[in-house]
Structures are given as C-alpha cells and as structure tokens.
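Residue 0 is where the sequence shown starts when you use numbering that gives the first Met the number 0, and the numbers rise one by one after that.
Positions of the beta carbon are idealized from the N, C-alpha and C atoms, including for glycine.
To start, the structure under review is shown below, and the notes come after it.
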Amino acid sequence: MKVKEEKKEKKTAEQENSTRDLITELGLLTTGTDFESDVQYINIIGSIEGHNVLPPDNKATKYEHLIPQLIAVEENPKLKGLLVVLNTVGGDVEAGLALAEMISTLSKPTVSLVLGGGHSIGIPLATATDYSFIAKTATMTLHPIRTTGIVITSETTFDYMRKTQERVINFIEEHSKAKRDEIIWLMNSNDNMSNDVGTVLFGKEAVETGIIDQIGGVSQAIAELRKRIEEK
C-alpha cells in the first residue's frame, strides 16, 4: 500500500512539474484539469522572438514553439478550430509574417482576439484569422518597418526595407477590410505620436478603419468561432 501511495505522489508531482513548465514556456495549460476542448487556444504575448534570442528579462513568444502548434491544428482531427489571443508589442517581422501566413492558410475556422495591445507585426497576426475581435480598451500601433544595430547604408538596404514594408501592407490589405491608401497614410503619419512616426488606433478606431472586424471579448470570440465550426 505504501509503495502505491509513493508512486501516486511521484506521478502527481511529475504532472505538476510538467504543467508548470508548459505554462512557463508556452502559456498553455494542457494537464491538471478535466476540461477538454476541440478548439486550440494560442497566446501571442510580449515580443515575438525570431532568429535572435531576446534578453531573458523580456516576455517573449518564440515562433518555433507556435509552428508545431499551428501544424497540429491542421493535422489533428480532434481540433476543429483555432482561437488566437494577442497582447503583443510586436517583434521580429520575418517570424511574425511567417506565423501570420500559417494562420491564414489553415483550413479550419480561426478567430483572433486582441487584448491590451496588438502592435506592429501583431497587426498582420490579428488580421490573419477568418474573423477578428478587439477589446474596447485595446490599442494597435501601425508604423513603418524599422531596425536597430549596425546598418549598411546603401540603396540596396533601403530597398529591402521598403520591400519588407510592402509585404506587411499587402498582407493587412488582403486579410482585412482596410484600404491600402489608408494603411499607408496611418503608417506614415507624423502628427499622431509625439516622438515617432505612425498611428495608435484604439479598439473602436481599429474597427472603423477595417483592420479589425468587431469590438468584443472572450465570450464573443468563442461564440463566433463555435458558429463557424458548426457552419463548416
């Protein structure tokens, strides 16, 4: 009897450690609860980390962690849809666009919800889903592509940055109701932010420009996703 109790305690401890590791690394809770869902929930929080590792004190979403989760949504027959929850300051443009492309090409219903902020490359990620929501108090910052560190100041470098910016603009235009001219104007506005170029859009403004579909929260996002799953 004592051996069985010890094994049971050891198994419980291992499950708790596994759960703690998942929450720390991915923001996911897959054990420790009896609740099972046919919907995959993915969080995109903090900075989006790409090829370069961010400092340890930065809250980051690692794109190599999200790629297998997105593939699982497509491949796993038990998963019927995807809810993407965003509260991000942006980050690596290449990684963000890669994730946005993956989300937009899933065959299963997808819905996004912006809470707090969906800034910079977070905007294409929010628009990548079939339908998008934003909280009333959330904001989105639309600005031109920028870089830090040593830059070779040649025409080729500037051309590459312009082309990268075009990729972002094209994606937002193709996956939202926003007009191309307005996206470019908002992105390059110099009278909205005191010490930067770009525009801060509050929840209602993001909907009015057509970047986001609707004001809403968790219940609205899940209801919309469930409706789309049933229709499909």
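Residue environment, residue i, which counts as buried when at least 16 other CB atoms sit within 10 Å
i    : result
Y62  : buried
H142 : buried
H118 : buried
A137 : buried
V83  : buried
G148 : exposed
H50  : exposed
Under the three-state DSSP convention, the category residue i falls into
i    : result
L185 : helix
G31  : Note that G31 has pLDDT 48, beneath the 50 cutoff, so the model's placement of it is unreliable and the number below is only indicative. In the structure shown, G31 sits in coil (DSSP, three-state: anything other than H, G, I, E or B).
S46  : strand
N57  : coil
I133 : strand
M192 : coil
T128 : coil
I149 : coil
I211 : coil
Supposed contact pair residue j and residue i - C-beta distance, whole angstroms, cut 8 Å
i    : j    : result
A134 : V150 : So it is not a contact: roughly 36 Å between Cβ atoms.
P123 : G95  : 6 Å
One or two residues paired with residue i in a DSSP bridge
i    : result
G117 : T87
T109 : L81
F170 : The partner list for F170 (beta bridge, DSSP) is empty, contrary to what the question assumes.
M139 : L200
Q39  : L81
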